[in-house]
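Quick note: the sequence shown, position 561, residue 1950 per our numbering, numbers continuous. Ideal placement from N, C-alpha and C gives every residue a C-beta, glycine not left out.
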Amino acid sequence: MCGIVAYIGNKQAQTLLLEGLKRLEYRGYDSAGMATIEDGHVRVVRAVGRVSNLEDKLEDLGGLRGNLGMAHTRWATHGGVTEPNAHPHRDDKSGVCIIHNGIIENYAAIKTYLAEKGHKFTSDTDTEVLAMLIGELYEGDLEAAVQAALREVTGAYAIVVMCEKEPETLVCARKGSPLMVGVGNGEYIVASDGSAIVSHTTQAFHLDDYNVVKITRSGFHTSTIHNVPVNPKVVQLELELQEIELGGFSHFMQKEIFEQPKALRNCFRGRCDIDEGRVVLGGVSGFTKELIKARRVVLTAQGTALHAAMIGEYLIEDLAKIPAVAEYASEFRYRNPIIEDNTVVVAVSQSGETADTLAALREAKDRGALALGVVNVVGSSIARETDAGVYLRVGPEIGVASTKAFVGQVAVLTLVTLFLARRRYMSGDMCAQMMKSLQGVPEKIERILEQDSKIRQVTEKYIERENWLFLGRGYNYPTALEGALKLKEISYIHAEGMPAAEMKHGPIALINEGMPAVFIANRGRQYEKVISNIQEVRSRGGHVIVVATEGDENIKRVAEDVLYVPDIEEPLSPMLTVIPLQLMAYHAAVLRGHDVDKPRNLAKSVTVE
Ligand code: M6R
């Protein structure tokens, strides 16, 4: 999604803003822009495409000077990918300049009102409308004008505003889209996430919804849009610079795939009490009684997080014996869901900012559900709005294609399941055994990662094929969906994931000579049935690639290629079987020459509907 960075201090803003934009590139964008106040005047430079295009343009124009400025990466929502639609937007009449993440839903009505007052628009964006509204309401106090304008708008926003008439002030506000303020020594860096801040300061505060902050070099003042003062808490950013740098890898996705063993060890640290046969989860322990009494668990998420949630559904029903269902947040929020007594809703999200997941969570809470979060980004909106939760602790995920967060989400959902199961039906011995196996997952992933070059070779064999199938059953049906999603989002190859049994009900018609079909056929309750499904594909000329359990030599009789994973209890197997699929997707994208970390049209975190 769009990225925001702004600066006020004593340094030249341009250098710092460019560095910030580069750190935010991973969020996904299609144009970029920057503005500073130079000798009392707002100067704006914008460019379509990469931040490097903006950088070139700045150089051609001799650069922007000034100690106060703002910069933005835009992911188009209102209006095409053009320079006039890129941010910042300026209201020439008032000298107001703005960058904005989110969507102003009632912008059309405001635009009509402003047009009647003589405003001329140069873009198709809702953001320009907001700039002009603030300009229209400006009466010598930028903070008051921003508050007044925001009282008129509906929708989501994180904004930074400056004005030629107050060249020593930044005003920022948020509703629905994240925004934080880094507090340095005589300087402030405002950004949509900590990655643009952490190289300058580790002290920061998050803005809450409907909050406005006015920043000058001498300090800041925070209030609501109704001008009620609020006191944000400055906290230590839990982000290390090395975590957001490539460190020898070619891409963040590759780095994050290889980081998974370390990420999981961090996730498990202090949470598995093997001696007592108990899972220790500080973030939910205050709600233990309510959780034990749960009669239904609804897991809600989007994309990869939904695939993890689906595995959570299987885990919770199978091991904790509580009816569970995983559902797209975008569907759940609008379908008037029935929330019975003792329903627990679990929002699963890497970013903690996905608009649909947040809205589904609010809907469920309003209807009386206990809300848990399974979130990676500390202090994110979902983390703050849930009653309780468990952080993934897998470190920042920069690659747009989610990998370590998926494995972290499945790991945390397993811990939550064992937490519940042990307090309901599971014996201490059984729980201890599962925890031991869980703690063995990182080492097993390391063994799979050693096969990286073989996985690349297998991928290369099929790299020209435009249609792939991913098939699995039981716990590995969601893994098949995840394998297909990974392949399509970064290599742009059409891939479909489905339960292996579903193939006969239609998709089998797609199978033609040489079509790659990736089966997950690890040892488990439905192994024999998956083998039958494999035969069905083979007999129609499809090329079968199988993810199988080490030692399964038989499988070679039905598969062209076999990628082995170590044996493990079936409920824990998706954390292993997904690894070859992640690597296949990664290599396919590299072999096809795509920008793995910045796939076309995609944003890291989808903060609009
Ligand atoms: O931040 P979230 O986990 O809530 O994001 C949900 C999806 O947008 C995300 O998983 C998306 O599907 C990824 N691009 C998948 O790789």
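In this structure, DSSP gives residue 1670 a state outside helix and strand, which the three-state scheme calls coil. Setting aside the 5 residues that flank it on each side, residue 1706 is surrounded in the same chain by 1712 and 1713, each with a C-beta closer than 7 angstroms to its C-beta; the list follows chain order. Non-local beta-carbon contacts of residue 1649 in its own chain, meaning distances under 6 angstroms to residues more than five positions away in sequence, involve 1793, 1796 and 1834 in chain order. By the neighbour-count criterion, in which a residue is buried when 16 or more other Cβ atoms sit within 10 angstroms of its Cβ, residue 1600 is buried. In this structure, DSSP gives residue 1719 a helical state, which the three-state scheme calls helix. Relative to ligand 1, residue 1643 has its C-beta separated by 8 angstroms or more from all heavy atoms. Taking the Cα positions, residue 1878 is about 17 angstroms away from residue 1851. Taking 9 angstroms as the cut-off, the Cβ atoms of residue 1827 and residue 1657 count as close.
By the CB criterion at 9 angstroms, residue 1409 and residue 1396 fall inside the cutoff. The region 1909-1925 and the region 1862-1871 touch, with no fewer than 3 CB-CB distances between them shorter than 8 angstroms. In this structure, residue 1560 lies near residue 1551, with their beta-carbon atoms less than 9 angstroms apart. Ranked by Cα distance from residue 1696, the first of 1675, 1676, 1718 and 1683 is 1718.
As summarised for the region 1438-1517, the continuous alpha helix (DSSP H) elements at least 4 residues long and confined to that stretch are 1440-1449 and 1496-1505, given in chain order. Out of 1653, 1923, 1630 and 1937, the CA that lies nearest to the CA of residue 1765 is found in 1653.
For residue 1661, the three-state secondary structure derived from DSSP is strand. In the three-state DSSP reduction, residue 1423 falls in the strand class (E or B).
The three-state reading of DSSP puts residue 1833 in helix, counting H, G and I together. Excluding the 5 residues flanking it on each side, residue 1485 has same chain C-beta neighbours closer than 6 angstroms at 1520, 1523, 1524 and 1552, in chain order. When secondary structure is reduced to three states using DSSP, residue 1626 falls in the coil class, being assigned neither helix nor strand. The three-state secondary structure of residue 1432, taken from DSSP, is strand. Distances between the C-beta of residue 1855 and the heavy atoms of ligand 1 are all 8 angstroms or more.
Across the structure, residue 1666 and residue 1591 are spaced so that their CA atoms are roughly 38 angstroms apart.
Proximity of the beta carbon of residue 1739 to ligand 1 is indicated: a heavy atom of the ligand is located closer than 8 angstroms.
Taken from the Cβ of residue 1993, at least one heavy atom of ligand 1 lies inside 8 angstroms. DSSP places residue 1563 inside the beta strand (DSSP E), whose first and last residues are 1555-1564. Along the region 1762-1797, the beta strand (DSSP E) occurs as fully enclosed runs of 3 or more residues at 1777-1780, listed in sequence order. For residue 1910, the closest alpha carbon among the candidates 1490, 1936 and 1901 is that of 1936. Per DSSP, the unbroken alpha helix (DSSP H) holding residue 1535 starts and ends at 1531-1541. Here residue 1749 carries a helix assignment [DSSP, helix/strand/coil]. Of the heavy atoms belonging to ligand 1, none sits nearer than 8 angstroms to the Cβ of residue 1451.
For the options 1544, 1819, 1641 and 1557, the alpha carbon positioned closest to that of residue 1608 is the one of 1557. DSSP, read as helix, strand or coil, puts residue 1612 in strand. At a cut-off of 8 angstroms, the beta-carbon of residue 1687 does not count as near ligand 1: no heavy atom of the ligand is closer than that. For a cut-off of 8 angstroms, the C-beta gap from residue 1787 to residue 1986 is around 7 angstroms, short enough to register as a contact.
If you draw a 10 Å sphere on the C-beta of residue 1946, you find fewer than 16 other C-beta atoms in it, and that means exposed. By the neighbour-count criterion, in which 16 or more other beta carbons inside 10 Å mark a residue as buried, residue 1618 falls on the exposed side.
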